[in-house]
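Notes follow once the structure below has been shown.
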Amino acid sequence: MKYPPQKFTSLRLRRAQSTQGFTLIELLMVIAIILILAGITFGIARGVYNAQARTKARAELSAIAQAIEQFKLQYGDYPWHDSDIGSYPSSSGEVTNTMLMYALTGRMVMERQANGKVQVRLVSRKLDDPEVEKNPSFIDPTKFSTSGSADDPEAFLDPWGSPYRYRYKGEATPNDWEVFGFHLYSVGLDGKETKSKIGTTTGIIADDYRDTDNNIDNIFTGE
């Protein structure tokens with residue numbers, strides 16, 4: 008089929024126009040759709056990660072709790088907190104968290120004195136210390152994320168990088184502890200807690216513990 012020159016030119020212009028790129032508005036619309044989809048994908052991925060992290064935290068809390076029970080079988084009670092906190096490093100956060108690590112790895116022992124009192128004694132900070140190696144170890148710290156160093160792990164870290172919290176009797180005030188058992192928990196995604204909601208010496212948890220924003224996402228062993 009033959010076209011007059013004018014008509015042929017008109018067809019060629021229309022075809023050229025139809026093959027031009029997106030207009031600015033179309034490009035902006037495409038970018039907006041991509042950003043929306045990316046936001047949805049990121050939100051889903053973050054939700055999946057947090058769910059997996061909470062599952063991991065519960066599993067690790069369970070493992071640590073079992074080690075604490077084994078410590079009790081060996082020494083007759085759960086690890087106490089030494090009243091001489093200067094003996095323990097505090098770079099991991101709270102001294103009580105480092106003491107739990109020391110107790111479960113043979114670096115802290117509990118000894119009953121002749122007068123009947125129980126004394127908490129730091130053996131050594133180093134795992135490879137000959138005296139430490141003679142003591143029973145109740146957990147393998149290499150199976151967890153920890154603060155400190157390989158030869159001196161200081162605290163068990165939860166999936167968000169905060170030390171797991173441990174609360175129990177203090178050596179100076181053991182008779183003040185009023186609840187059954189110990190408290191072991193993660194401070195969750197936000198890494199925060201309102202400490203005043205758990206009695207330092209009594210262990211009593213306030214009724215409004217979960218009403219505080221900092222404590223909403225905390226995960227206790229057994230939950």
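The sequence shown begins at 8 in my numbering and counts up one residue at a time. Where is the CB? At the ideal position from N, CA and C, for every residue including glycine.
Straight-line gap, residue i to residue j (C-alpha atoms, nearest Å)
| i | j | result |
| --- | --- | --- |
| residue 74 | residue 209 | 23 Å |
| residue 2 | residue 195 | Any question about residue 2 goes unanswered here, given that the chain covers just 8 to 230. |
| residue 108 | residue 134 | 11 Å |
| residue 112 | residue 104 | 13 Å |
| residue 169 | residue 30 | 50 Å |
| residue 229 | residue 70 | 11 Å |
| residue 139 | residue 171 | 23 Å |
| residue 115 | residue 149 | 18 Å |
| residue 72 | residue 41 | 46 Å |
| residue 67 | residue 37 | 45 Å |
| residue 161 | residue 153 | 7 Å |
| residue 181 | residue 129 | 18 Å |
| residue 151 | residue 227 | 17 Å |
N- and C-terminal bounds of the beta strand (DSSP E) containing residue i
| i | result |
| --- | --- |
| residue 173 | 172 to 174 |
| residue 192 | 190 to 193 |
| residue 162 | 160 to 164 |
| residue 237 | The requested residue 237 is not part of the displayed model; the chain covers only 8 to 230. |
| residue 153 | 152 to 155 |
| residue 116 | 115 to 119 |
Close beta carbons around residue i, own chain, < 7 Å, minus the five adjacent residues each side
| i | result |
| --- | --- |
| residue 110 | 78, 86 |
| residue 223 | 217 |
| residue 225 | 192, 193, 194, 195, 200 |
| residue 220 | none |
Sequence-distant residues of its chain with Cβ nearer than 8 Å to residue i (five each side left out)
| i | result |
| --- | --- |
| residue 84 | 117, 125, 176 |
| residue 185 | 206, 209, 210, 211 |
| residue 158 | 133, 134, 135 |
Own chain, CB closer than 6 Å to residue i, minus 5 neighbours either side, in chain order
| i | result |
| --- | --- |
| residue 63 | 166 |
| residue 156 | none |
| residue 213 | 204 |
| residue 119 | 125 |
Residue i, enclosing alpha helix (DSSP H) - first and last residue
| i | result |
| --- | --- |
| residue 140 | 137 to 141 |
| residue 107 | 102 to 111 |
Cutoff 9 Å: residue i Cβ touching any chain D Cβ
| i | result |
| --- | --- |
| residue 197 | Absent from the structure is chain D; it holds one protein chain and no more. |
Presumed contact (8 Å Cβ cut-off) between residue i and residue j, rounded CB distance
| i | j | result |
| --- | --- | --- |
| residue 137 | residue 81 | Contact doesn't hold; Cβ gap of about 19 Å is too wide. |
| residue 189 | residue 173 | 7 Å |
Alpha helix (DSSP H) runs contained entirely in the region 30 to 77, provided each spans 4 or more residues:
List check, alpha helix (DSSP H) in window: nothing returned.
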